[in-house]
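Okay, structure first, notes after.
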Amino acid sequence: MSKIRMDKLLAHAGYGTRKEVKGLLKSKFVTLNGEIVTSDKLKVDLDHDQVMVNGEPVNYQEYVYYMLNKPVGYVSATMDNVYPTVIELIDDVHPDLFPVGRLDVDTRGLLLITNDGALGHRLTSPKHHVDKTYEVLCDGLLTEEDVQAFAKGIELDDFTCKSAKLEIIGKDHCYVTIQEGKFHQVKRMFLSVDKPVTFLKRVAMGPLKLDPALEEGQYRPLTAQEIDSLKSKSMV
Ligand code: URA
156 MSKIRMDKLL
166 AHAGYGTRKE
176 VKGLLKSKFV
186 TLNGEIVTSD
196 KLKVDLDHDQ
206 VMVNGEPVNY
216 QEYVYYMLNK
226 PVGYVSATMD
236 NVYPTVIELI
246 DDVHPDLFPV
256 GRLDVDTRGL
266 LLITNDGALG
276 HRLTSPKHHV
286 DKTYEVLCDG
296 LLTEEDVQAF
306 AKGIELDDFT
316 CKSAKLEIIG
326 KDHCYVTIQE
336 GKFHQVKRMF
346 LSVDKPVTFL
356 KRVAMGPLKL
366 DPALEEGQYR
376 PLTAQEIDSL
386 KSKSMV
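Numbering (this note's numbering), first residue to last: 156 to 391.
Spelled out as structure tokens, the structure:
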């Protein structure tokens, strides 16, 4: 059973600051299971209680999950001094949203945005081996030797990558699937075979596939099935 204070619930559901929702309560605009309530400290049971403001039901979900098609020029962080953040693209009242994992500022594609810290942690933990697939364009001709080198494990200056799958779909165009997520990893792997990346887009993360209907900068909530598949993948 998950409980939340009335003032927090109303503030998170978009009814104003904590101070403003206190005023709303005092003015008797709020009911809990049909009874007027005025206390901001009252605990609400999110699974069973019905809260209404001015006769309208308050729809509040504790955890939210969005699939964003990240555009270039946005940083995968909650705050930044230079670039706009991916969180600024999401119109949602939850104050604790964060991106799961990082895409470079010049990388586009699938990014999960949530406030479910436990899930985010599991999806990015190296223990859980979550596959990440990227579409790549590079400067150079891709060869069968590259496929073999990626499968064997590319050696970078500071570590040896795990086996990665390279699927060539054009002379300089491919999909690459990795399980790790080290800093600039895909770019560094391609640099090590002398084929610098010119375009990088994440298209899948574990069971989650980037929805082709999402334009860059657009997002949508995950379906219940997508949430379940991510949760079960991250428990493995
Ligand atoms: N690898 C990179 O080099 N950059 C990203 O943004 C993601 C993976």
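Glycine residues also receive a C-beta, built at the ideal position from the N, C-alpha and C atoms.
Bear in mind the structure is a predicted one, so any value in this text is a computation, not a measurement.
For ligand 1, residues qualifying as neighbours are L258, D259, T262, H339, Q340, V341 and K342, where qualification means a beta carbon closer than 5 Å to at least one of its heavy atoms (chain order). In the three-state reduction of the DSSP assignment, R343 falls in the helix class, which pools H, G and I.
When the beta-carbon positions are compared, R277 and H283 come within less than 9 Å of each other. With a 10 Å radius around the Cβ and a threshold of 16 neighbouring Cβ atoms, F314 comes out exposed.
Between G336 and K287, the CB-CB gap stays under 9 Å.
The three-state reading of DSSP puts T279 in helix, counting H, G and I together. The region 345-356 makes contact with the region 287-303; the number of CB pairs closer than 8 Å reaches 3 or more. Check the Cα spacing between N270 and each of F253, R257 and T279: the tightest is with F253.
In this structure, the alpha-carbon of L164 lies about 23 Å from that of L244.
Counting the other Cβ atoms within 10 Å of the Cβ of A379 gives fewer than 16, which makes it exposed. Straight-line measurement puts the Cα of G264 at about 7 Å from the Cα of L223. Residue V176 holds the alpha-carbon nearest to the alpha-carbon of L197 among L321, V176, P250 and K317. Between V255 and L267, the CB-CB gap stays under 9 Å. Residues D259 of the same chain have their beta carbon placed closer than 8 Å to that of H339, with the five preceding and five following residues left out of the count. DSSP places R375 in the uninterrupted beta strand (DSSP E) bounded by Y374 to P376. Runs of the alpha helix (DSSP H) lying entirely within the region 161-217, each at least 4 residues long, are 161-167 and 173-181 in chain order.
The alpha-carbon separation between L321 and F305 amounts to approximately 7 Å. For the pair D366 and D200, the Cα-to-Cα distance works out to about 34 Å. Non-local beta-carbon contacts of V192 in its own chain, meaning distances under 8 Å to residues more than five positions away in sequence, involve M161, L180, V185 and T186 in chain order.
Annotation for G169: V248 place their beta carbon closer than 8 Å to its own, counting only its chain and skipping 5 residues before and after.
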